[in-house]
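Chains P and C, in that order, give the protein sequences. If you count the first sequence from 1, position 61 lands on 63 in the working numbering, and the numbers rise without skipping. If you count the second sequence from 1, position 101 lands on 625 in the working numbering, and the numbers rise without skipping. These notes concern the structure reproduced below.
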Amino acid sequence: GENVEQHPSTLSVQEGDSAVIKCTYSDSASNYFPWYKQELGKRPQLIIDIRSNVGEKKDQRIAVTLNKTAKHFSLHITETQPEDSAVYFCAATHGNNRLAFGKGNQVVVIP
Amino acid sequence: EAQVTQNPRYLITVTGKKLTVTCSQNMNHEYMSWYRQDPGLGLRQIYYSMNVEVTDKGDVPEGYKVSRKEKRNFPLILESPSPNQTSLYFCASSPRPGTEAFFGQGTRLTVV
C-alpha cells in the first residue's frame, strides 16, 4: 500500500521566518496531494492541495511543490505567525479510492 | 451550514460492550470514511464508502464494522471493543475520492 512519510516530525521557527515540511510517497500512481492543518483539539482542515499535473500551487502565504520524479512534495509557509502553530498532515491518494496520511508534523512558531 | 456531525464527542465504555459512533453529512457527498488518530501514528483509515451500500476496508479495519444504508449516514460499529481501540476517531466526507475531505469534530473513545 501507499507509504507517506513526513519530515521533520517537529519544527520550531521564529515568527516571520519560513517553514518547510517535506513528504515522500511510494505509489507512483498517486495523483492528489492535500495538506491538512490540525489545531490543538480541533479537526483537520484542508489548507492547500495539488494534483499530479501541476508542479506548484500558491495561496497567499502557503505554497505546495510537487516533484513526481522524486515522489516528494513540500509545504512552504512564509512569514510565519503564531496562529500557524499546529500539526500539519500531508496525504496522497492510493489505489483509486483511498487517501493515506503521513504521521504529522508539529510546527511551533516562536513569537 | 455544510457540516459533518459525529456523535458522541466523548465516550468511555467497557471491554466487550457493543457501541456505535454515528456520522452524518449534509453535503450530498458520495465518499465517506472513518479514521483513527493515535499519537505518533497520524491518521489511519479504518473503512471507507464510495456510495450507498458500497463499503471497503482501509488500512486498519480489524475490530470495526460500518454500514452505508443512506447517503448521508456512515456509522462506525465496534461489536466487542477492546482497550487497543482507545483512540480519537474522525469521520470525513468528500464529493468523491481525490477531493477535499471534510472532517467531523472527532469522537474520543476510551475502552477500559
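Backbone N, C-alpha and C define an ideal beta-carbon position, used for all residues, glycine too.
- Contact between Pro46/P and Phe627/C holds, since their C-beta atoms are separated by about 5 Å, short of 8 Å.
- Only Val6, Gln8, Ser11, Asn33, Tyr34, Pro36, Tyr38 from the stretch 6-39 of chain P bring a Cβ to less than 9 Å from some Cβ of chain C.
- For Leu42/P, the number of other beta carbons within 10 angstroms of its own is below 16, and it is reported as exposed.
- With respect to chain P, the C-beta atom of Leu565/C has a partner C-beta closer than 8 Å.
- Here the C-alpha atom of Gly630/C lies approximately 14 Å from the C-alpha atom of Gln549/C.
- Counting along the chain, no beta strand (DSSP E) covers Arg63/P, and no H or E run does either.
- Inter-segment contact for the stretch 89-102 of chain P and the stretch 588-595 of chain C is absent: fewer than three beta-carbon pairs are separated by less than 8 Å.
- Not a single C-beta of chain C is nearer than 8 Å to the C-beta of Arg63/P.
- Setting aside the 5 residues that flank it on each side, Ser617/C is surrounded in the same chain by Val528, Gln549, His553, Met556, Phe626, each with a C-beta closer than 6 Å to its C-beta; the list follows chain order.
- Of all alpha-carbon atoms in Val576/C, Gly622/C, Tyr613/C, the one lying nearest the alpha-carbon of Ala31/P is that of Gly622/C.
- When DSSP states are grouped into helix, strand and coil, Pro599/C belongs to the coil group.
- A residue is called buried when at least 16 other Cβ atoms come within 10 angstroms of its Cβ; Asn107/P meets this threshold and is buried.
- In this chain, the beta strand (DSSP E) harbouring Tyr613/C covers 611-618.
- Listed in chain order, the beta strand (DSSP E) elements of length 3 or more contained wholly in the stretch 536-596 of chain C are 543-549, 555-562, 566-575, 578-581.
- Asp29/P carries a coil assignment under DSSP once its states are collapsed to helix, strand and coil.
- In terms of beta-carbon proximity, Phe627/C lines the interface with chain P, with at least one pair separated by less than 8 Å.
- Under the Cβ criterion (8 Å, minimum of three pairs), the stretch 15-23 of chain P counts as touching the stretch 71-86 of chain P.
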